[in-house]
Amino acid sequence: MFTFNIVSRIKNPTWYIGLTEMLNTMMLGNPLWKYQWLNVCDVTHTHLIILDFTDVQDNQNLPDQDALLLSMQSGYQLLVLLKSNQQHMAHELYASACSLLFVDERQFHIRNIVELSMKQRRYISPGIERCVACAPVLPLQISFTPAEKKILEGLCRGMNGVEISKMLFRSQKTISTHKRRIMLKLGVKNDYELATKIDFFQATKN
Amino acid sequence: MYFDLQTKKFYMMEYIDFINALISTCLTKNPPHLFLYESRLLFRRAARRCLHEKNYVITDIGAELLRTQIHTSKQDLSIFAAGLGGAGEDMSSVLQAIYSVSSLKNDIVVWLPECSAVLMKFMLGLGVNHVLYEDRLYTELKLFDPTLPFISPYFLREKSAAESIRRIKKLSPAELATVLDFSRGLDVHAISAFRQISDKTVYTHRKNAMKNLKIESATEWFKLLTFLKGFDFTR
Numbered sequence: 000m001f002t003f004n005i006v007s008r009i010k011n012p013t014w015y016i017g018l019t020e021m022l023n024t025m026m027l028g029n030p031l032w033k034y035q036w037l038n039v040c041d042v043t044h045t046h047l048i049i050l051d052f053t054d055v056q057d058n059q060n061l062p063d064q065d066a067l068l069l070s071m072q073s074g075y076q077l078l079v080l081l082k083s084n085q086q087h088m089a090h091e092l093y094a095s096a097c098s099l100l101f102v103d104e105r106q107f108h109i110r111n112i113v114e115l116s117m118k119q120r121r122y123i124s125p126g127i128e129r130c131v132a133c134a135p136v137l138p139l140q141i142s143f144t145p146a147e148k149k150i151l152e153g154l155c156r157g158m159n160g161v162e163i164s165k166m167l168f169r170s171q172k173t174i175s176t177h178k179r180r181i182m183l184k185l186g187v188k189n190d191y192e193l194a195t196k197i198d199f200f201q202a203t204k205n
Numbered sequence: 000m001y002f003d004l005q006t007k008k009f010y011m012m013e014y015i016d017f018i019n020a021l022i023s024t025c026l027t028k029n030p031p032h033l034f035l036y037e038s039r040l041l042f043r044r045a046a047r048r049c050l051h052e053k054n055y056v057i058t059d060i061g062a063e064l065l066r067t068q069i070h071t072s073k074q075d076l077s078i079f080a081a082g083l084g085g086a087g088e089d090m091s092s093v094l095q096a097i098y099s100v101s102s103l104k105n106d107i108v109v110w111l112p113e114c115s116a117v118l119m120k121f122m123l124g125l126g127v128n129h130v131l132y133e134d135r136l137y138t139e140l141k142l143f144d145p146t147l148p149f150i151s152p153y154f155l156r157e158k159s160a161a162e163s164i165r166r167i168k169k170l171s172p173a174e175l176a177t178v179l180d181f182s183r184g185l186d187v188h189a190i191s192a193f194r195q196i197s198d199k200t201v202y203t204h205r206k207n208a209m210k211n212l213k214i215e216s217a218t219e220w221f222k223l224l225t226f227l228k229g230f231d232f233t234r
C-alpha cells in the first residue's frame with residue numbers, strides 16, 4: 000500500500016472538487032494506491048503541493064510562502080494551477096522548475112501528474128506546452144505614434160470614437176484618422192477584426 | 000405470469016401487482032434527468048459531483064451529440080447544463096442547441112468565463128434561466144434550484160446590466176442565425192448572399208437582435224461577436 004500525500008493550497012472549491020474526483024477515480028483503478036490531503040506544508044513528507052494562481056494578476060506580488068515554494072529546487076513537488084488567459088504568467092513560471100496545469104484544459108491525465116512527480120520530473124500540461132511553443136506576438140514590432148497609443152488605450156478600454164474625442168479634446172475626424180492608421184498598421188479591415196485583435200493583445204498581456 | 004425463483008412457483012396476480020408497484024415507484028421516484036455539456040475535464044468532474052449530490056441522472060454529451068440527444072428527450076422534463084468557456088469551435092452548435100432546448104420550455108443552466116455583461120444578456124436572449132460564473136461554479140451550482148431563476152452576482156456588477164435584464168426579449172430564430180453569421184466574421188453582403196435574403200433584411204435582423212438584447216453600443220456588440228467566435232488561447 001502506497002499513500003500519496005498532497006498539500007492543497009487551492010482557494011477555489013471548483014478546482015479542489017474536480018481534482019478530488021479525478022484522484023478518487025484513479026484510486027478505484029489502483030487498489031494498492033491511495034492519496035490523502037494534508038493540511039501542514041511539510042516538504043519532506045509530501046509528494047505534491049498544489050498552488051492556485053488562477054486569481055493572481057502577476058508574478059511580482061506573490062505571498063512570501065508561495066514565492067519561497069517557487070524558488071525551491073525540487074520543482075516536481077509543486078503543481079501550479081493557472082487559467083488559460085494567464086498566458087503571461089505561464090511564460091514566466093515555465094522558466095522556474097514547477098509543474099504547470101491549465102484548469103481549463105480539455106483533456107489531461109491525473110495519472111501523468113502523479114507518476115511524473117514520483118519520477119522527480121516536472122509536469123507541463125498540453126495547453127501550457129502549446130502556449131509556450133508559440134511565443135506571444137506582442138505588437139512591439141509595430142511602432143505607434145504617441146497619439147495613436149492614447150487612442151489604442153481608449154479602444155482597449157472599450158470606448159468608441161466619440162468618447163475618445165471628448166476625452167482627448169480632439170475632433171472626431173482626428174480620432175477617426177488615427178484609428179484608421181492603427182487599423183492599417185495592425186492589418187485589419189473592419190471594426191470587428193480590430194476588436195478581435197485588441198482582445199487577443201489584452202489576453203497575451205495578462 | 001411470472002416465475003419466482005425462490006418459491007419455484009408461477010404467479011399470476013402478484014406479477015400485475017409487481018408491475019403496478021414498479022410503475023408507481025418509477026413515477027414517484029423518477030429523478031430529474033440532466034444533460035451536461037462541458038468539454039473541459041476539471042470543470043466536468045466538479046459539475047458532475049455537485050449535480051450527483053443533488054440526485055440528478057446525468058448524461059454527458061459531446062458537441063456532435065447535442066442535436067440528436069436533446070431531440071430524443073423531448074418528452075421528458077429535463078435540464079440542460081452547459082459550460083461555454085471551453086466550447087471553442089463548437090460554440091455555434093452549442094448555442095443552437097441551447098436555443099432549441101429553451102423553446103421546449105426546459106430549464107437551462109449555463110456557466111460563462113470571465114467576460115462582460117453583454118454575454119449574460121445574450122444568454123437571457125437565448126432563453127437561459129440560470130447564468131453562473133465558471134470560477135464559482137461549484138458554490139453556485141450547489142445553490143442551483145430549477146424553480147428559481149438565478150444570475151451570478153458577478154455579471155450584475157454594472158448597474159446598467161442589472162437594470163436591463165428584465166427588459167431583454169428572446170431572439171427569433173432568424174435573429175440568432177444572423178448573430179451567429181456575424182460572429183463567423185462575415186459581413187452583411189456575404190450573409191445576404193449566403194442566406195439569399197436582401198441586405199436590408201440582414202440589417203433589420205441585426206438591429207432587432209441588438210434591440211432585443213439591449214445592446215447599446217457597437218463596442219458591446221463587437222465584444223459579443225469576439226466571444227461567440229470561440230476565441231480560445233489554449234488551442
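Respectively, the protein sequence lines represent chains A and B. All residue numbers for the first sequence refer to numbering that gives the first Met the number 0, where the first residue is 0 and numbers rise by one. All residue numbers for the second sequence refer to numbering that gives the first Met the number 0, where the first residue is 0 and numbers rise by one. Glycine included, C-beta positions come from ideal geometry on N, C-alpha and C.
Query raised in the report: DSSP beta-bridge partners for B/G82?
Result: B/W110
Requested in this report: Could you please tell me which residues of the stretch 37-56 of chain B, in chain order, have their CB closer than 9 Å to any CB of chain A?
Outcome: S38, R39, L40, L41, F42, R43, R44, A45, A46, R47, R48 and C49
Requested in this report: Would you mind telling me which residues of chain A sit closer than 7 Å to B/G184, beta carbon to beta carbon, in chain order?
Outcome: Ordered by position in chain A, the residues that pass the 7 Å Cβ test against B/G184 are Y191.
Query raised in the report: So B/V187 is in the beta strand (DSSP E); what residue range does that whole segment cover?
Result: Careful: B/V187 lies outside any beta strand (DSSP E), inside the alpha helix (DSSP H) at V187 to R194.
Query raised in the report: B/G87 and B/E37 look like a contact to me (Cβ under 8 Å); what is the Cβ gap, rounded to whole Å?
Result: B/G87 to B/E37, Cβ: 12 Å. No contact.
Requested in this report: Could you round the C-beta distance between B/S151 and B/E139 to whole angstroms and report it? I think they count as a contact, below 8 Å.
Outcome: 6 Å
Query raised in the report: Is A/Q201 close to chain B, meaning its C-beta is less than 8 Å from at least one C-beta of that chain?
Result: no
Query raised in the report: If you compare alpha carbons, which of A/N60, A/N29, A/G74 and A/E104 is closest to A/G17?
Result: Ranking A/N60, A/N29, A/G74 and A/E104 by Cα distance to A/G17 puts A/E104 first.
Query raised in the report: If you draw a straight line from the alpha carbon of B/I168 to that of B/V201, how long is it in whole angstroms?
Result: The displayed chain sequence assigns Lys, not Ile, to residue 168 of chain B. Linking B/K168 to B/V201 through their CA atoms gives a straight-line distance of about 19 Å.
Report task. Using a Cβ cut-off of 9 Å, pull out every chain C residue sitting near A/Q56, in sequence order please. Result -> No chain C is part of this structure, whose protein chains are labelled A and B.
Query raised in the report: Quick one: is B/F193 near chain A, going by C-beta distance under 8 Å?
Result: no
Requested in this report: Check whether the Cβ atoms of A/L67 and A/S98 lie closer than 8 Å to each other.
Outcome: no
Requested in this report: Note the first and the last residue of the continuous beta strand (DSSP E) segment covering B/V117.
Outcome: No beta strand (DSSP E) contains B/V117, which is instead part of the alpha helix (DSSP H) from A116 to L125.
Requested in this report: Give a yes or no on whether the minimum CB-CB distance between B/L136 and chain A is below 8 Å.
Outcome: yes
Query - Neighbouring residues, chain B, relative to A/I16 (Cβ below 8 Å) - result: R44, A45, R48, C49 and Y137
Query raised in the report: Going along the chain, which unbroken runs of the beta strand (DSSP E) with 3 or more residues stay wholly within the stretch 11-63 of chain A?
Result: 32-37 and 47-51
Query raised in the report: How about A/H46 and A/I5: are their beta carbons less than 8 Å apart?
Result: For the 8 Å CB-CB criterion, A/H46 and A/I5 form a contact.
Query raised in the report: Can you give the beta carbon distance from A/H177 to A/A146, rounded, assuming they're within the 8 Å contact cut?
Result: 6 Å
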